Structure formats: structure tokens, C-alpha cells
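Heads up, the thing below is written out as C-alpha cells.
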Amino acid sequence: MLILKILIIMKKLKAILLIGTCLAFCAYQYFNESLKVEKPNVVFIMVDDLGWSDVGFMGSTYYETPNIDILANKSMVFTNAYAGAANCAPSRAALMSGMNSPRTGVFTVGSSERGKNKDRKLIPVPNTEFLADSVYTIAEMFKDAGYVTGHFGKWHVGEDPCSQGFDVNVGGGHWGHPKNYFAPYVYPEIEAPEGEYLTDRLTLEAVRFIEKNKSNPFFLYLPFYTVHSPLHPKEELLQKYKLKKGNEYHYKPSYAAMIETMDSSVGIILDKLQELNLSNTIVVFTSDNGGVYSTSKQTPLRAGKGSYYEGGVRVPLAISWPGFIKKGKTDMPMTHLDFYPTFTEIIGGEIKSNQPVDGISLKSFLVNGETLNERPLFFHFPIYLQGYNQKAGENRDSLFRTRPGSSIRMGDWKLLYYYEDQDMELFNLKDDPGEKINVANIYPEKREQLKNSLEEWIKKTKSPVPTQLN
32 MLILKILIIM KKLKAILLIG TCLAFCAYQY FNESLKVEKP NVVFIMVDDL GWSDVGFMGS
92 TYYETPNIDI LANKSMVFTN AYAGAANCAP SRAALMSGMN SPRTGVFTVG SSERGKNKDR
152 KLIPVPNTEF LADSVYTIAE MFKDAGYVTG HFGKWHVGED PCSQGFDVNV GGGHWGHPKN
212 YFAPYVYPEI EAPEGEYLTD RLTLEAVRFI EKNKSNPFFL YLPFYTVHSP LHPKEELLQK
272 YKLKKGNEYH YKPSYAAMIE TMDSSVGIIL DKLQELNLSN TIVVFTSDNG GVYSTSKQTP
332 LRAGKGSYYE GGVRVPLAIS WPGFIKKGKT DMPMTHLDFY PTFTEIIGGE IKSNQPVDGI
392 SLKSFLVNGE TLNERPLFFH FPIYLQGYNQ KAGENRDSLF RTRPGSSIRM GDWKLLYYYE
452 DQDMELFNLK DDPGEKINVA NIYPEKREQL KNSLEEWIKK TKSPVPTQLN
């Protein structure tokens with residue numbers, strides 16, 4: 032009888048231990064699941080030719096961008112953000128490939144022999160118009176990581192985005208700007224009712240993509256054609272800005288009206304994400320290069336699109352990820368080359384090729400607030416880009432926005448080196464953000480230090496340098 036009672040007690044203890052083990056395992060699983068973060072969606076909005084100061088969150092009072100400003104107030108804002116290059120095609124090639132221009136060979140749009148032949152002292156390096164098919168793009172990385180990928184707008188680095196990683200394409204091809212913003216468009220090749228506005232159409236298509244893929248991780252790339260020329264605004268907004276007083280830097284009603292339409296489109300995208308409870312979405316807002324100088328000046332920055340002074344390469348940038356990225360401003364320099372490795376690390380992706388990565392991952396900075404080591408930023412432009420009635424002193428001369436040269440930014444210092452005459456310009460961007468005072472002869476040690484770093488980088492990347500006299 033005693034033995035029987037002992038056996039019954041032992042069975043009960045085993046049952047209790049089994050239940051306890053199950054409860055502990057379930058608690059462990061629940062805890063782990065609560066810590067597990069689903070892959071975030073990514074919405075990457077890139078405006079064409081929008082200047083560094085052409086939005087409210089960067090100080091503009093003439094251009095009205097309430098929706099973008101709301102996004103910025105919830106974002107990490109980079110005041111020292113740089114495009115991959117100073118004009119359209121090379122900038123987009125850098126973003127899509129994660130590689131600097133010398134590695135892709137995409138330096139400009141079309142021919143490298145820009146401007147009058149008699150004004151070019153050197154034979155420029157030949158230009159490659161499109162990204163090679165061998166390049167493993169950021170879109171392909173997302174796709175291989177299980178994302179649905181959609182492209183809506185300007186491509187400009189090939190004939191078809193769907194051949195380089197996108198599942199869906201609306202409006203993307205080799206062309207760099209629309210013939211007009213009101214349908215019929217001619218190019219981009221989009222069938223539309225007469226009078227439809229291109230920015231509105233791209234936004235509508237992007238919203239449909241979000242709705243269709245709300246249950247899947249998606250990468251939505253929305254490179255608006257606006258605010259690239261031709262300046263074709265909606266009439267009612269044009270009249271509004273004709274009545275609004277500008278200033279000596281921001282004053283063009285047609286440009287302001289196009290910015291407001293684009294801002295409304297950004298608001299529609301943000302509202303749709305909120306409506307569908309897609310809070311686990313990284314939203315990036317930026318521009319592909321500096322603003323067009325004759326349209327909008329980026330004071331205190333010098334020059335504009337096509338120039339490798341700050342006004343040509345510095346861009347507005349806000350990055351939002353609710354619950355993960357803290358809001359605020361940072362003056363830490365970054366480049367569009369950083370997006371590829373940053374997204375790869377965040378989503379647990381893989382760059383399935385042997386191509387180099389010229390940027391760095393910003394995940395530890397964005398998510399954990401870790402301080403990143405200071406590093407140099409490089410630009411290489413071994414060709415010519417003609418000027419367009421530039422104001423005296425904004426560019427190095429009135430004939431070209433850029434002559435063949437390279438530049439490096441390290442900390443507060445920036446060096447520009449020119450291949451025609453081996454001349455150098457050195458600026459301290461902290462004291463002189465407008466690059467007005469060349470201190471190359473005042474700080475020769477700093478000049479030579481940066482020059483040596485630039486030469487080492489040129490050698491490392493096998494950057495082509497023009498040497499043949501014209």
C-alpha cells in the first residue's frame with residue numbers, strides 16, 4: 032500500500048514537472064517572439080533636382096512643405112548629407128550600386144565632352160551611360176531577401192528597372208526628364224487621360240503598390256521626375272505663389288508650385304501607411320543632387336547642380352522608422368552610398384557579388400545611437416560639364432559648372448583638385464560653409480594631407496584620370 036502511494040506521488044510530481052517545463056518553454060517562446068522584429072518595409076522617396084534648402088525643415092519659408100516637415104519632425108535629419116554625385120545619372124547609379132562613380136564609369140548624362148571644344152584643355156575620360164547588367168543592385172538585394180520591389184518614376188541608369196531587380200515599374204526608362212508634366216506625356220511611356228499630372232499619377236501607382244503588398248515586406252522606390260525642368264506647375268498653385276513674396280534665394284513661383292504638389296504626394300503616401308497600420312516602415316526622403324542654381328539658390332552653400340562645391344552635392348535627408356530611429360538632427364556627414372550597406376544590415380540581406388561597397392552601414396548610429404568613426408568622403412569627376420549663365424564667383428569660371436577634378440571631405444575640411452592645372456582649393460566648411468575663402472596656401476600641411484589621401488583613393492579605386500591635352 033505504501034509503495035502504491037509513493038508511485039502515485041511520483042506520477043503527480045512528474046506531471047507537475049512536465050507542466051512546468053511546458054509553461055517555461057512557452058514563456059521562453061513568447062519572450063523570443065516579442066523580441067523578434069519583422070523585416071521593415073522601405074519607402075525611398077527621391078526628388079529630382081531638389082536643393083538642400085528647398086524644404087521647410089531645412090529652413091525655407093517660401094516653399095511650402097508641411098507634409099515633408101511632419102515626416103522630418105519624426106525623423107533623423109542629416110544636415111550634412113551628400114548625393115553620390117552632382118548630377119542625375121551618376122548619383123542614381125551610386126545609390127543603386129553602392130559604388131562610387133569610378134567603379135561604374137557613370138560620370139554624367141550622355142557625352143563627357145560637354146561645352147565648347149576650344150574651352151576644354153584636356154581630353155575627358157569617356158562616359159558610360161548605364162549601369163552594367165553585372166552590377167548587383169540594391170533592388171536585387173531586397174528581392175533576394177524576400178521583398179517585393181516597385182519602381183515609380185525616373186530610372187535613368189538603364190532601359191528597364193525590371194531587368195535590374197524591380198518586380199514592378201511605372202514610368203522608368205532611359206530618359207532623364209519628361210517632355211511635359213501634363214498628359215499626354217510622350218515620355219515617360221505612360222498611357223493617361225489628357226491633362227493628368229505626372230506627379231499625381233506616380234503617387235497613385237505607388238499607393239496601389241502599397242495596398243497590394245501590405246501583407247508582404249516591400250521596397251518602394253519613388254524617384255519623382257519633379258522638380259526637374261520643364262517647370263510645369265498646376266495653374267491654381269502657380270497663381271498662389273505669384274502672390275507670395277519670396278526672397279533673393281527662393282523666388283520662382285512655378286518651382287514653388289511644383290514643390291507643393293510633390294509635398295502633397297508625400298502626404299498621401301504617409302497617410303496610406305498610417306491607414307494600413309504599416310508602422311514598421313522605414314521612410315527616406317531626399318534628393319538626387321543639388322538644386323539648379325538659376326532656379327533656386329542654396330545659400331549659404333555655393334553653386335548648384337553639376338558643381339562639386341557644396342550646393343551641387345549636399346542634399347536634404349530625413350530618415351524615419353517609428354520605434355527604432357530617434358528623431359533629431361545630426362551634422363555627421365553621410366553619403367547616399369551608405370544606404371546600400373545600411374539596408375542590407377537592417378533586413379539581414381546579402382550582397383551576392385564581389386563588387387566593392389563604398390559606403391558604410393549606419394544602422395548602429397541610427398538605431399543604437401553609436402558614434403561612428405570619422406571617414407573621408409570622395410568625389411571624382413574626370414570630365415566637363417558646361418555652365419548655364421552662372422553668377423560670377425559661384426563656380427570656378429563662367430564656362431563650366433565643373434572641369435575635370437576630384438574632391439575629398441574629411442571632418443570640417445574639404446579639398447578640390449583640378450586636373451587641367453593641378454590647382455587646389457581648400458576650405459574649412461565649419462568656418463566657411465559657402466567655400467568663399469581658399470586657404471590652401473595658409474594650411475599647406477592640411478592641403479598635402481588631404482591630397483595624399485585623395486591620391487591613395489584614386490589609386491585604390493583605379494579611377495581614370497584625364498592626362499591627354501586637347
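For reference, each letter of the sequence shown is one residue, going 32 to 501 in the working numbering.
We put the beta carbon where it would ideally sit given N, CA and C, even for glycine.
Model, not experiment: these values are computed from the prediction.
Spatial distance of residue i from residue j (CA atoms)
i	j	result
Ala112	Phe88	14 Å
Tyr448	Met455	5 Å
Ile391	Pro372	6 Å
Val73	Val314	6 Å
Leu54	Thr96	Model confidence at Leu54 stands at a pLDDT of 45, short of 50, so the residue's coordinates are unreliable; what they give is reported in the following sentence. Rounded to the nearest angstrom, the two C-alpha atoms are 53 Å apart.
Val6	Met77	The requested residue 6 does not occur in the structure, where the chain is confined to residues 32 to 501.
Gly263	Gln270	Looking at the sequence shown, residue 263 is not Gly but His. Straight-line Cα distance between these residues: approximately 13 Å.
Ser429	Lys336	14 Å
Phe355	Thr230	30 Å
Ser91	Gln499	44 Å
Ser285	Tyr93	12 Å
Pro155	Asn426	19 Å
Val496	Glu236	43 Å
Lys152	Leu233	43 Å
Ile378	Leu397	14 Å
Glu8	Arg478	The first residue shown for the chain is 32 and the last is 501, placing residue 8 beyond what the model contains.
Leu251	Pro464	34 Å
Ser325	Gly442	30 Å
Val201	Tyr212	15 Å
Asn98	Ser351	13 Å
Ile101	Glu487	43 Å
Thr330	Tyr280	7 Å
Gly277	Lys283	8 Å
Ile290	Glu190	27 Å
Residues near residue i by beta carbon distance below 6 Å, same chain, minus five either side
i	result
Asp389	Met130, Asn131, Leu368
Leu81	Val258, Ser318
His411	Ser132, Pro133, Ser437, Ser494
Pro254	Met77, Gly184, Lys185
Ala176	Ile378, Gly380
Phe197	Ala170, Thr180, His182
Ser395	Glu401
Pro192	His182, Trp186, Asn200, Gly203
Asp362	Thr110, Asn111
Contact under 8 Å by Cβ, residue i with residue j
i	j	result
Tyr450	Pro435	yes
Ser106	Lys445	no
Pro248	Tyr178	yes
Ala288	Leu307	no
His182	Val199	yes
Pro209	Tyr216	yes
Val108	Leu393	no
Ser327	Asp79	no
Gly146	Phe431	yes
Thr433	Leu408	no
Pro71	Thr312	yes
Ile439	Leu403	no
Pro219	Gly207	no
Local conformation of residue i per DSSP, three classes
i	result
Lys243	helix
Trp352	coil
Met363	coil
Pro372	helix
Gln502	It is not possible to answer for residue 502, since the shown part of the chain is limited to 32 through 501.
Val108	strand
Trp444	strand
Glu267	helix
Tyr228	strand
Ile221	coil
Ser295	helix
Phe161	coil
Pro248	coil
Met455	strand
Ser134	Looking at the sequence itself, residue 134 is Arg, so the reference to Ser does not match. Arg134: helix per DSSP, three-state reduction.
Pro192	helix
Phe197	coil
Cutoff 7 Å; reference residue i; Cβ partners in own chain excluding five residues on either side
i	result
Leu44	Because Leu44 carries a pLDDT of 49, less than 50, the predicted location of this residue cannot be relied on, and the following value inherits that uncertainty. Hits under 7 Å: none found.
Glu466	Arg333, Tyr340, Glu341, Phe458
Lys461	Asp443
Lys360	Val108, Thr110
Leu49	In this predicted model, Leu49 has a pLDDT of only 48, less than 50, meaning its place in the structure is not dependable; the value taken from the coordinates is given anyway. There are no such residues.
Residues near residue i by beta carbon distance below 8 Å, same chain, minus five either side
i	result
Thr135	Pro121, Ala124, Ala125, Ser128, Thr159, Leu162, Ala163, Val166
Ser310	Leu304, Pro353, Gly354
Lys491	none
- Query: Does the stretch 108–126 touch the stretch 137–149, meaning 3 or more C-beta pairs lie closer than 8 Å?
  - Reply: yes
- Query: Are the stretch 231–246 and the stretch 165–174 touching, with three or more C-beta to C-beta distances below 8 Å?
  - Reply: no
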